[in-house]
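Colleague: Those letters in the sequence shown? Residues 207 to 385, by our numbering. Beta carbons: idealized from backbone N, C-alpha and C, even for Gly. This one's a predicted model, so the numbers in the text were calculated from it and none came from an experiment.
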Amino acid sequence: MRIRWGAAAAVAAATMFLAACGSTASGSSAPPSSSASAAAAGSSASTSGTGIKTASTSIGTVLTDAKGFTLYWFAPDTMTTSKCNGSCAAYWPPVIGKMTAAAGVSLPGKFGTIKRADGQVQATYDGHPLYTYKGDTAPGQANGNGSNASGGLWYAVTPSGAKPGASPSPSASSRGGGY
Numbered sequence: 207m208r209i210r211w212g213a214a215a216a217v218a219a220a221t222m223f224l225a226a227c228g229s230t231a232s233g234s235s236a237p238p239s240s241s242a243s244a245a246a247a248g249s250s251a252s253t254s255g256t257g258i259k260t261a262s263t264s265i266g267t268v269l270t271d272a273k274g275f276t277l278y279w280f281a282p283d284t285m286t287t288s289k290c291n292g293s294c295a296a297y298w299p300p301v302i303g304k305m306t307a308a309a310g311v312s313l314p315g316k317f318g319t320i321k322r323a324d325g326q327v328q329a330t331y332d333g334h335p336l337y338t339y340k341g342d343t344a345p346g347q348a349n350g351n352g353s354n355a356s357g358g359l360w361y362a363v364t365p366s367g368a369k370p371g372a373s374p375s376p377s378a379s380s381r382g383g384g385y
């Protein structure tokens, strides 16, 4: 009997981990999909609610998805191209669909989208394609900030679009996000 409960607990823990790493609902009118079912289907994309929020973390104020998980940008990306595909996207799931600020949240930057190599539409903020991080297991964490992984540096997204703890330079602001 203990073996059965141990296996059930392991499956439940894995399901909770997968659910915690992503969030639900795409930016379209299609029904929400859970990250656990997306992972089961072989998809590495994060499906987030459209209501982007802010949260105070140990590194400062950052943008989060609807469930409170920190959003990130990848330094090698451009305003039109995500450089995080394949195994990279398994650890850094792209935020899929069109995003907007949650009700009552005022952000200085602009939301947009790009088309990924796989044809999916990825959300952007101030020209930065958005991602979540599998290493963040609870809302309010920013474990991926400053990571050097998958060929480049990762930063939590701040309301200003600058690296956490930095203020945007005038030239970065005028170019739409520091590219």
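Got a sec? Which residues, its chain only, sit under 8 Å from GLY357 by beta carbon, not counting five neighbours each side?
Modeller: PRO282, LYS289, CYS294
Colleague: Output the distance between the C-alpha atoms of THR270 and THR287, rounded to the nearest integer angstrom.
Modeller: 21 Å
Colleague: Return the residue from the list ASP342, VAL268, ASP332, ALA309 that minimises the CA-CA distance to ILE320.
Modeller: Comparing Cα positions, the closest option is ASP332.
Colleague: What does the Cβ neighbour count give for PRO300, buried or exposed, with the cut at 16 atoms within 10 Å?
Modeller: buried
Colleague: Classify SER293 as helix, strand or coil using the three-state DSSP reduction.
Modeller: Three-state result, SER293: helix.
Colleague: Could you give the residue range of the beta strand (DSSP E) that holds TRP360?
Modeller: That run of the beta strand (DSSP E) goes 358-362.
Colleague: Taking only the alpha-carbon atoms, compute the straight-line gap between LEU325 and LYS304 and give it to the nearest angstrom.
Modeller: According to the sequence displayed, residue 325 carries Gly and not Leu. Going from the Cα of GLY325 to the Cα of LYS304 covers about 14 Å.
Colleague: Taking the runs of the alpha helix (DSSP H) that are 4 residues or longer, which of them lie wholly in the stretch 289-344?
Modeller: Counting only runs of 4 or more, we get 293-297.
Colleague: So for SER264, helix, strand or coil by DSSP?
Modeller: coil
Colleague: Less than 8 Å between the CB atoms is what I'm expecting for VAL268 and PRO345, so what's the real figure, rounded?
Modeller: Contact flag wrong, Cβ pair sits at about 11 Å.
Colleague: Ignore the nearest five residues each way along the sequence and tell me which others in GLY386's own chain have a CB closer than 6 Å to its CB.
Modeller: The first residue shown for the chain is 207 and the last is 385, placing residue 386 beyond what the model contains.
Colleague: If I measure Cβ to Cβ from ALA348 and keep anything under 8 Å in the same chain, skipping five residues before and after, which residues do I get?
Modeller: Listed in chain order, the non-local C-beta contacts of ALA348 below 8 Å within the same chain comprise THR263, SER264, ILE265, VAL268, THR276, ASP342, ALA362, PRO370, local neighbours out to five positions each way being set aside.
Colleague: Could you spell out the range, first to last residue, of the beta strand (DSSP E) harbouring PHE280?
Modeller: Here the beta strand (DSSP E) through PHE280 covers 278-280.
Colleague: Exposed or buried, which one is ASN351 when buried takes at least 16 other CB atoms within 10 Å?
Modeller: buried
Colleague: Could you have a look at LYS369 and say whether DSSP puts it in helix, strand or coil?
Modeller: coil
Colleague: Measure the alpha-carbon distance for THR197 versus VAL311 and round it to whole angstroms.
Modeller: The requested residue 197 is not part of the displayed model; the chain covers only 207 to 385.
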